[in-house]
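Undergrad: Each residue of the sequence shown is one higher than the one before, starting from 1 at the first, in the working numbering.
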Amino acid sequence: MNEVSPTSDRMRLAPVAISPLLDPRLGDMENDHSATKQRTLLAIAGSLLAEISLTKLLFAWFVSILLPAVLLGLAPLVLTAWIGEASDRFAEATGVGAALVVLAVLAVGWIGWRPLFRLAETNFWSLNALAVQPGYAFWREALRHLTERSLNRKSGAELARIRSLSCAGAGILLFAVAGLVAFAVWPQTRWMGSVADLASPRLLIFPTIANTVVIMSSYLAFASLVWGFADAGVDQPLDLEAFDAAPAGARVWRVAHLSDVHVVGERYGFRVESGRGGPRGNDRLEQAFARLAALHAKQPLDLVLVSGDMTDAGTSAEWAEFLDIVGAHPELAARMLILPGNHDVNIVDRTNPARLDLPFSPIKALRKMRALSAMAAVQGMRVTASTAQSPGSTLSEALESRRTSIEDFAANGGFHRSSELARLWHELFPLILPPDQEDGLGVAILNSNADTNFSFTNALGLMAVGQALRLTETFDRFPKARWIVALHHHLTEYPMPVAAFSERVGTALINGSWFLRVLKPYASRIVVMHGHRHKDWIGACGLLKIVSAPSPVMAKELSPTHFYIHALAAGPDGSLRLLMPERVEIAAPAGA
Numbered sequence: 001m002n003e004v005s006p007t008s009d010r011m012r013l014a015p016v017a018i019s020p021l022l023d024p025r026l027g028d029m030e031n032d033h034s035a036t037k038q039r040t041l042l043a044i045a046g047s048l049l050a051e052i053s054l055t056k057l058l059f060a061w062f063v064s065i066l067l068p069a070v071l072l073g074l075a076p077l078v079l080t081a082w083i084g085e086a087s088d089r090f091a092e093a094t095g096v097g098a099a100l101v102v103l104a105v106l107a108v109g110w111i112g113w114r115p116l117f118r119l120a121e122t123n124f125w126s127l128n129a130l131a132v133q134p135g136y137a138f139w140r141e142a143l144r145h146l147t148e149r150s151l152n153r154k155s156g157a158e159l160a161r162i163r164s165l166s167c168a169g170a171g172i173l174l175f176a177v178a179g180l181v182a183f184a185v186w187p188q189t190r191w192m193g194s195v196a197d198l199a200s201p202r203l204l205i206f207p208t209i210a211n212t213v214v215i216m217s218s219y220l221a222f223a224s225l226v227w228g229f230a231d232a233g234v235d236q237p238l239d240l241e242a243f244d245a246a247p248a249g250a251r252v253w254r255v256a257h258l259s260d261v262h263v264v265g266e267r268y269g270f271r272v273e274s275g276r277g278g279p280r281g282n283d284r285l286e287q288a289f290a291r292l293a294a295l296h297a298k299q300p301l302d303l304v305l306v307s308g309d310m311t312d313a314g315t316s317a318e319w320a321e322f323l324d325i326v327g328a329h330p331e332l333a334a335r336m337l338i339l340p341g342n343h344d345v346n347i348v349d350r351t352n353p354a355r356l357d358l359p360f361s362p363i364k365a366l367r368k369m370r371a372l373s374a375m376a377a378v379q380g381m382r383v384t385a386s387t388a389q390s391p392g393s394t395l396s397e398a399l400e401s402r403r404t405s406i407e408d409f410a411a412n413g414g415f416h417r418s419s420e421l422a423r424l425w426h427e428l429f430p431l432i433l434p435p436d437q438e439d440g441l442g443v444a445i446l447n448s449n450a451d452t453n454f455s456f457t458n459a460l461g462l463m464a465v466g467q468a469l470r471l472t473e474t475f476d477r478f479p480k481a482r483w484i485v486a487l488h489h490h491l492t493e494y495p496m497p498v499a500a501f502s503e504r505v506g507t508a509l510i511n512g513s514w515f516l517r518v519l520k521p522y523a524s525r526i527v528v529m530h531g532h533r534h535k536d537w538i539g540a541c542g543l544l545k546i547v548s549a550p551s552p553v554m555a556k557e558l559s560p561t562h563f564y565i566h567a568l569a570a571g572p573d574g575s576l577r578l579l580m581p582e583r584v585e586i587a588a589p590a591g592a
């Protein structure tokens, strides 16, 4: 065990010439406004209701849910109206003029059906991401939570069995509920339309919404059964029983894993989650890096991984502070990899938990560009990007052609450019640090953040299907390599009690169980490393080992923190072994 004693005086409350009645260095109730460690979620929800902009909320609801629902439900009416119109023209066709009309109708149909299909498909998957998958995940975790609380002190294989049964039960329950909803709404649906109907769109609003409810409820019913039994069959998480032994003569990689460092932009700044109950400023992170640099000088590190939430609210000042701290340790920066956390790219507002950005707000894209710029500065020449426009290029090379657009957008904004850069963000991941030899160790850096528009829901995660597909393609290109899969969100709920149900669902990777199944064929040569929950946990789902990093800065003000240096070894059978880690303690600053 290594212990670091506080040496910095930056955070000590030295006497000042003028002693104010309210010492600003100690903060006040505003610093606790969104602090889940200082205020209950019920109290924060009360603030939310008092401060939320109902106009923005209604508009965001319309754009994100109501409009996609109407467009999806309208698609069958438009399709049947065109088929009816085309049939009538065929029946009336005589002579050259009529033949030209028929050809025109066919041309319109041929040109228009593809956009109509894409529009319906886009809105279907949008509603799936906003309602169906989160709804299934919510009820699955609710049933698990209730079951686990009623059967207290269950652990190990017994707990895993209970969780499997709860997944199957949640699937059956949702199948029944969603089926009843579809059955109840069916009489209000309308699936056949005409051109005359389309001329009076206001009369179609309720039938189209009913169509969407039936479509999505039917999908939820059958998908829940599939997901529920698939989740029941997947390996459940268990605490790691023992660390591996290093094979004789095997190559060993030393990886320092930090996460959730929550850099603030002020010397006496408080972090959004801990408020006045946590440490002020960035002193603990500076201590962590100083200690890490000393350990590296004695025994070199191969990698320094920071698995998200480098900043507390994704502001420019916080990124500047983070890069300054990293820049003071070039030997660590040369080995460092960072990835985006929810505090880096989603809405975080210390003073307003009701903060809401509209779906097309340029500020959303700006936060992503700040994070992307920092990632390029730290590791841009060492990792390759997944974008199809520049396959095999490093992140820095892939961004060079967009430099002018990104700089102009950061200076002036713009809705069109915001949309383009948001697409670029999603196309880049996973970022890949390739293995140095065919059977070496590579790192896949993922973006697991859901695109949320609401500060109160900023912690949710979602693994994009396209990103997962590109990840497995990378694994297949390097069939002998071992991998660290690095992401911010946890793949599965840990086998340990939680203080509140909100902790279980408010931070979840919505499709984490599905992503576990994606990783399962490669499990023996993978170690997953993540952060997000600030939990110190090492376990496994079957052969897949999972490492959750504690935060080296998030704790009670007078409590010490820690992080780990992990040792990974190449197994003789192509596997990746996880050895006993080295724990590094960070003491609370004296006089804090």
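Backbone N, C-alpha and C fix where the C-beta goes; we use that ideal spot for every residue, glycine too.
1) Got a sec, what are the start and stop residues for the beta strand (DSSP E) E582 sits in?
2) Suppose only complete runs of 4+ residues qualify. What are the alpha helix (DSSP H) ranges in the stretch 274 to 354, listed by chain order?
3) Do R335 and L303 have their C-beta atoms within less than 7 Å of each other?
4) Take the Cβ of T122 as the centre, count every other Cβ of all protein chains shown within 10 Å, and call the residue buried at 16 or more, exposed below.
5) Could you name the residues that DSSP lists as bridge partners for H562?
6) Just the C-alpha distance for L358 and V443, rounded to the nearest angstrom, thanks.
7) Quick one: grab the DSSP three-state call for W191.
8) By the three-class DSSP mapping on this structure, what secondary structure does A126 have?
9) Return the CA-CA distance between N412 and F243, expressed in angstroms with no decimal places.
10) Between the alpha carbons of R423 and F429, how many angstroms are there, rounded?
11) Within the continuous alpha helix (DSSP H) that includes V177, where are the two ends?
12) Run the CB neighbour count on G512, radius 10 Å, all protein chains shown included, and call it buried at 16 or more, exposed below.
13) Taking 8 Å as the cut-off, does the stretch 310 to 318 touch the stretch 490 to 504 (at least 3 CB pairs, one atom from each stretch)?
14) Considering just the uninterrupted stretch of the beta strand (DSSP E) at R577, what are its terminal residues?
15) My output table needs one value for F206: the three-state DSSP class, helix, strand or coil.
16) Suppose the cutoff is 6 Å on Cβ atoms and the five residues either side in sequence are ignored; what does the same chain contact list for T212 look like?
17) Classify R254 as helix, strand or coil using the three-state DSSP reduction.
18) What residue does the beta strand (DSSP E) around R482 start on, and which one ends it?
19) Less than 8 Å between the CB atoms is what I'm expecting for V263 and N282, so what's the real figure, rounded?
20) Could you say if the stretch 492 to 508 and the stretch 135 to 149 meet the contact criterion of at least three C-beta pairs nearer than 8 Å?
21) Look at the alpha carbon of L57 and the alpha carbon of F475, and state the distance between them as a whole number of angstroms.
22) At the level of alpha carbons, what is the spacing between A468 and L431?
23) Suppose you measure from the CA of A81 to the CA of V195; what does that come to, to the nearest Å?
24) Helix, strand or coil for I18 per DSSP?
25) Once DSSP output is grouped into helix, strand and coil, what is the label at K535?
26) Give the DSSP-derived three-state secondary structure of F243 in the structure shown.
27) Return the CA-CA distance between L165 and P201, expressed in angstroms with no decimal places.
28) Using a 10 Å radius around the Cβ and a threshold of 16 neighbouring Cβ atoms, would you call H532 buried or exposed?
29) Can you tell me which residues form a DSSP beta bridge with V263?
30) Check F409 in the structure and name its three-state DSSP category.
31) Any idea which residues DSSP pairs T384 with across the strands?
32) Just to confirm the assignment: which complete beta strand (DSSP E) runs, minimum length 3, are found wholly within the stretch 442 to 511?
33) I need the straight-line Cα distance from A385 to R403, nearest angstrom please.
34) Pull up the distance between the alpha-carbon of S361 and that of T452, whole angstroms please.
35) Taking only the alpha-carbon atoms, compute the straight-line gap between R25 and L173 and give it to the nearest angstrom.
36) Look at the Cβ atom of I649, then the Cβ atom of A354, and state whether they are nearer than 7 Å.
TA: If we stick to the structure as given:
1) That run of the beta strand (DSSP E) goes 582 to 586.
2) Within the stretch 274 to 354, the complete alpha helix (DSSP H) runs of at least 4 residues are 283 to 298, 316 to 327, 330 to 333, 342 to 345.
3) In contact: R335 and L303 (Cβ atoms closer than 7 Å).
4) Classification for T122: exposed.
5) Paired residue(s): E585.
6) Near 34 Å, if we compare the C-alpha coordinates of V443 and L358.
7) It is coil, neither helix nor strand.
8) The question names Ala, but residue 126 is Ser in the sequence shown. Note: S126 maps to helix in three-state DSSP.
9) So the alpha carbons of these two residues sit roughly 52 Å apart.
10) Straight-line Cα distance between these residues: approximately 11 Å.
11) For V177, the enclosing alpha helix (DSSP H) has its first and last residue at 156 to 185.
12) The residue is buried, with at least 16 neighbouring Cβ atoms inside 10 Å.
13) No, because fewer than three Cβ pairs between the stretch 490 to 504 and the stretch 310 to 318 fall closer than 8 Å, the two stretches do not touch.
14) That run of the beta strand (DSSP E) goes 576 to 578.
15) Of the three classes helix, strand and coil, the one that applies to F206 here is helix, per DSSP.
16) Take T212, set aside five residues on each side of it, and the residues of its chain with a beta-carbon closer than 6 Å to its own are A69, L72, G73, in chain order.
17) R254 carries a strand assignment under DSSP once its states are collapsed to helix, strand and coil.
18) Its beta strand (DSSP E) spans residues 482 to 486.
19) A Cβ-Cβ separation of about 5 Å places V263 in contact with N282 under the 8 Å criterion.
20) Touching, per the Cβ criterion.
21) If I take the Cα positions, the gap works out to 42 Å.
22) Computed Cα separation, rounded: 12 Å.
23) Those two C-alpha atoms are separated by around 6 Å.
24) Coil at I18, not helix or strand.
25) Of the three classes helix, strand and coil, the one that applies to K535 here is coil, per DSSP.
26) In the structure shown, F243 adopts coil according to DSSP, grouped into three states.
27) Taking the straight line joining both Cα atoms gives about 47 Å.
28) H532 counts as buried, since no fewer than 16 other beta carbons sit within 10 angstroms of its beta carbon.
29) According to DSSP, V263 bridges with T311.
30) F409 falls in the helix class under three-state DSSP.
31) For T384, DSSP records a beta bridge to T394, I432.
32) Every unbroken stretch of the beta strand (DSSP E) spanning 3 or more residues and falling wholly within the stretch 442 to 511 is given here in chain order: 482 to 486.
33) The alpha-carbon separation between A385 and R403 amounts to approximately 15 Å.
34) S361 and T452 have their C-alpha atoms roughly 11 Å apart.
35) Straight-line measurement puts the Cα of L173 at about 52 Å from the Cα of R25.
36) The question about residue 649 has no answer here: the residues shown for the chain are numbered 1 through 592.
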